[in-house]
Each structure stands twice: as structure tokens, then as C-alpha cells.
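First to last, the sequence lines map onto chains A and B.
Sequential numbering of the first sequence, starting at 1, is according to our numbering.
Sequential numbering of the second sequence, starting at 372, is according to our numbering.
One structure is given here, and the rest of the page talks about it.
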Amino acid sequence: MSGVRLLVGTHKGAFILSSDAKRKNWDVQGPLFAGWEIYHMNGSPADPQRLYASQSNGWFGQVIQRSNDGGQTWEAVGNKFAYEGVPGTHQWYDGSQRPWEFKRVWMLQPSLTDPDTVFAGAEDAALFRSTDGGQNWQELPGLRAAKGHLWQPGAGGMCLHTILFDPGNPQRIFVAISAAGAFRSDDDGQTWLPINRGLISPGELPDKSAEVGHCVHNLAMHPARPGVLFMQKHWDVMRSNDAGDSWQEVSGNLPSDFGFPIAVHAHEPDTIYVVPIKSDSEHYPPDGKLRVYRSRSGGNEWEALTNGLPQKDCYVNVLRSALAVDTLDSCGIYFGTTGGQVYASIDSGDSWTPIVRDLPKVLSVEVQTLP
Amino acid sequence: MIRVMLPQHLRTLAQVSQEVELPVEGAKTISSVVEELVIQYPMLRGTIVDQVSGQRRPYIRFFACGQDLSLEPPDTLLPEAVVAGAQPFRIVGAMAGG
């Protein structure tokens, strides 16, 4: 019987939430890696039993965990992330230059076709790849050659937080970095192009022609239409119809166009979801109402989805990797909050139910749709 | 055998109880004990000494027989009581946060 498995990373461990396709009753497994920060946990599209988890903390550094049985057992694999060559410097908050220094892995993205190939997005921003199931990691240094000296950290650090593969073109990879922008490779990660034309960040980046330095919070793509990208930027929700060569704002009637995550419906490439936050200095929903916003037109026209979500005195946030969709016929949408709730909708966002209410701060949510 | 006490998070990671015992060959130094520890428990590699810089992690401290050895050179010989197994070599996560 088909079902779904949610991989939830939190500030104090990981949790796996499982259900059959009805998505009414949930089994909660965890905490795994108790007490550690789990920035991200993800499954292989080629083998759903192969999972990877990024485990870290400020005392003991980075650990990468791997499971071959859907999260029942885990083993620590390679955790040496060495920048290629002389790492050089990037811009610091005050405009000075600072040496690249590895801090943690924000995102683990397994290959679409090979369970042993997995990409890691790091802070300080860089892209690493393993082709042996996470035992050894090699940087793809061509990314930092894309004006890396002008990249700068966002408030959360200078992190590579988004990795997208083009299902129709194995050579094409998209990544996003705060605060550097979005980048595309058309040669399997060897060379990279900044794809930030049309992004405007007057408050943070006065130079309107700046190729890099943009604080991109998240990217999303529908696998059937990989040339269309959606972006939640520091401010502004954006859309590209040409694989990132140019961007247009589609914030439309959102109550705030600041936010972190963005996602695309599994079966409707023009249905997208964001969770507006009041501002860059007030990371909580406007008016204390937790609302997911849905556009069925690929942006500009948005509707608030509130049924089942707290509409009073709610001041949680939804972080950039904490919104995900399943691929069941009735598309499920899931998100986790900084208050420890994980909400599920099994009707494309029309109504919501909390699966759990009291986890540690949720850092990431991924969904596996199981056969 | 050298007795080594690990902080809670590393005991969880290595799936061991409070203390481990290590058969360290040759000179019993800070670095030889830490290296033997990660040979016996490879999941700990990189969590005590950074793999790229080779430096002790900033929030890790080393103690033995009431002495703070954190700032001593890595080839510092451990006290006799540690070598004899009467006292443990302590790897401590520095107190930080609220």
C-alpha cells in the first residue's frame, strides 16, 4: 500500500513521520540523533530506502548519517568537507574580505538516478558531491568561481540551501545561496552562471545591475516543466520562464512578500505555495495569523489558506526547507514551524491538520511518496 | 589501556557508555589517544579535531588528573596515572550557551 514518509529535521534531533496514503493516522519515530541539529534529511528518488541526514552542532562539527533501510538504522559516513585549492575570501557583513571556512551542511540532495551520488550544500557556501554514498566528498569549485569574492552571508550565514536537478537534462543543476543569489550549471556542476537578472534588492543591494549578492531564500521547480523556476527572495516572490535567465516579480496581492519557503503542487505546475512573514526584522506571520498562500496562476493572484491553521496569536516562522509536497493523487502539502508544529494538508492546501504540535524548532521537512 | 571519558553527544554518536578503553601503542600522548579513539570509533572522526585544519575544535577541552591539557602541544605525554589506567583522559565539551 502506498504511503508517505516525512523526514523532519529539528534543532534537537530528527523525526520520521509515517502514514499510509490516507494520511489520517501518523506514526512518529524519534528523536533520532537526539540533541544534535539536523539541518536536513532527504531520501534518494532512485531508492526510497536510502536516506541521508546532516547532523551538526557548534561543539563537534559536521556528521553525515546514511540509512539503507528507510531510517530504521543509520551509520555515520564521511564528514570531511575540504574546499578545493586555496579557498580565498568572500565578503563579510562589514564589506571586508574573510576566508572561506566550512561550518555545516544545509542541504543534502541525492541524485535522481543513483542512490550513491548525493550533493551537499555547505556553509560557507559551496557545493560538494559524493559518488560513494557519502563516504568521500569533493567540492565543485567552479561555483565559487562565479564571483565568490562578492558573496556575503545572510543573517543565517552564507549558506548554499537549495539544489535542484533538471529531470530532462542531467547536465543542468540549479543552486541558491544566501546572500549570493541563484546559479545554474549546464555541464554537471563544472562551471556556473549567476542567474539573477531581474532581482531587485534596493534595501540590501543598491547596485541594480549586481550579478551576485542577492539574498535568495528558496527556489522551486515542477519536474515536468524545469524551465520555469519560482523563487522566494528576501523580499519578493519571483518567477522565471527561461531557466533563470530573467526573473519577473509575481508577489501580486500577498500581504507581505517576505518569506522563506516556496513549493510547487505535484500535479499542477502553475500552483505554488508560500508562507508570508511580516518582515526581515519580524519573522512571524502578519497579524498573528498563520496563512499559507496559494496561487493557481503561477503567481500574482494569491489566496490565503487558513482552514485548520491558527488565526490568532501565532508568531512562528516556517524556514526555507520546511515546506514540501507529496505526489499522491490528492497532493499533500506539509510544513514545519519554528514552534515545533508539523501541519499536513491532503487536499492541496484547502484544509490543514497538525500531525505533531510540540517538536523542537523545525529546520526542514522533506516528503517521500512511497510505492 | 587508556581510559577516555567522552561528552554526552559523542557517547550518543559512538553508541558507548560513559567511558571507553583504548589500546594505545607507543607514546601515550594527547594526539595518539585521540587518533586511536577515532580508529576504534570512526564515527567520531572530525568531531574532536578538525580534519582539514588538524586543530582541536574550539569548544573541545582536554583534561587529565585535574590538569587542563587543552592548550598543550598535541605530542604532550599524558600523566602517569592516565597511562597506568588509574585516571581517565577527559574530553569535554566546553560549557557555552545559556
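Idealized CB from N, CA, C, for every residue including glycine.
Everything numeric in this text was worked out from a predicted model, so none of it was measured.
Item, Value
"Can at least three beta-carbon pairs, one atom from the region 55-62 of chain A and one from the region 386-394 of chain B, be found at a separation below 8 Å?", "no"
"For residue 256/A, I'd like the list of residues in its chain whose CB is within less than 8 Å of its CB, leaving aside the five on either flank, ordered along the chain.", "276, 277, 278, 279 and 286"
"Is DSSP giving residue 222/A helix, strand or coil here?", "strand"
"What are the start and end residues of each continuous beta strand (DSSP E) run of 3 or more residues lying completely inside the region 275-345 of chain A, in chain order?", "292-295, 303-305, 323-325, 333-336 and 342-345"
"Below 9 Å on C-beta distance, what does residue 431/B contact in chain A?", "59 and 60"
"Determine the closest residue to residue 323/A out of 176/A, 344/A, 283/A and 179/A, with distance taken between C-alpha atoms.", "344/A"
"Which residues mark the beginning and the end of the beta strand (DSSP E) in which residue 263/A is found?", "258-264"
"Assuming residue 402/B is part of the alpha helix (DSSP H), what are its boundary residues?", "401-411"
"Should residue 318/A be counted as a contact of the ligand PLP given a C-beta to heavy atom distance under 6 Å?", "This structure lacks the ligand PLP; in fact it carries no ligand of any kind."
"Suppose you measure from the CA of residue 296/A to the CA of residue 274/A; what does that come to, to the nearest Å?", "12 Å"
"Hey, residue 337/A and residue 367/A are a contact pair by Cβ (cut 8 Å); roughly how many whole angstroms apart?", "Not quite, the Cβ-Cβ distance comes to about 16 Å (not below 8 Å), so this is no contact."
"Closer than 9 Å by beta-carbon distance: list the chain B residues that pair up with residue 35/A, in chain order.", "379, 380 and 383"
"Using the C-alpha atoms, what's the distance from residue 374/B back to residue 434/B?", "12 Å"
"So, for residue 246/A: in the same chain, excluding its five sequence neighbours on each side, which residues have a beta-carbon less than 7 Å away from its beta-carbon?", "197, 198 and 240"
"For residue 428/B, which residues in chain A fall below 8 Å Cβ to Cβ?", "59, 60 and 61"
"Are residue 127/A and residue 112/A close, meaning C-beta to C-beta below 7 Å?", "no"
"Please confirm whether residue 423/B has its beta-carbon closer than 7 Å to some beta-carbon of chain A.", "yes"
"For residue 22/A, which beta-bridge partners are listed by DSSP?", "DSSP, once it has assigned bridges, lists no residue as partnering residue 22/A."
"Write down the C-beta distance between residue 182/A and residue 107/A rounded to the nearest angstrom, noting that I regard them as a contact closer than 8 Å.", "That belief does not hold up - the Cβ atoms of residue 182/A and residue 107/A are roughly 14 Å apart, past 8 Å."
"Bridge partners for residue 233/A per DSSP, in chain order?", "216/A"
"Less than 7 Å separating the beta-carbons of residue 87/A and residue 74/A?", "no"
"Are any of the Cβ atoms in chain B nearer than 7 Å to that of residue 300/A?", "no"
"Looking at the C-beta of residue 82/A, does it have a partner C-beta in chain B at a distance below 7 Å?", "yes"
"For a cutoff of 7 Å on Cβ pairs, would you count residue 136/A as touching chain B?", "no"
"Using the beta-carbon count (16 or more within 10 Å), is residue 253/A buried or exposed?", "exposed"
"Between the region 88-99 of chain A and the region 33-50 of chain A, do at least 3 Cβ pairs fall closer than 8 Å?", "no"
"Using a Cβ-Cβ cut-off of less than 8 Å, give me the residues of the region 453-468 of chain B that come near chain A, in sequence order.", "464, 465 and 467"
"With a 10 Å radius around its C-beta and 16 neighbouring C-beta atoms as the bar for buried, classify residue 456/B as buried or exposed.", "exposed"
"List, from N- to C-terminal side, the beta strand (DSSP E) runs of 3 residues or more that fit wholly inside the region 161-221 of chain A.", "173-178 and 181-185"
"Whose C-beta lies closer than 6 Å to the C-beta of residue 220/A among residues of the same chain, with five residues either side of it excluded?", "230, 262, 263 and 264"
"What three-state label does DSSP hand residue 443/B in the structure shown?", "coil"
"Could you check how far apart the C-beta atoms of residue 105/A and residue 62/A are, in whole angstroms? I think they sit under 8 Å.", "6 Å"
"Just curious, the alpha helix (DSSP H) that residue 267/A is in, first and last residue?", "Run containing residue 267/A: none; DSSP gives neither H nor E here."
"Below 7 Å between beta carbons: does that hold for residue 122/A and residue 81/A?", "yes"
"Within the same chain, show all residues whose beta-carbon is closer than 6 Å to that of residue 454/B, passing over the 5 residues directly before and after it, in chain order.", "399"
"Do residue 327/A and residue 266/A come within 7 Å of each other at the CB atom, strictly closer than that value?", "yes"
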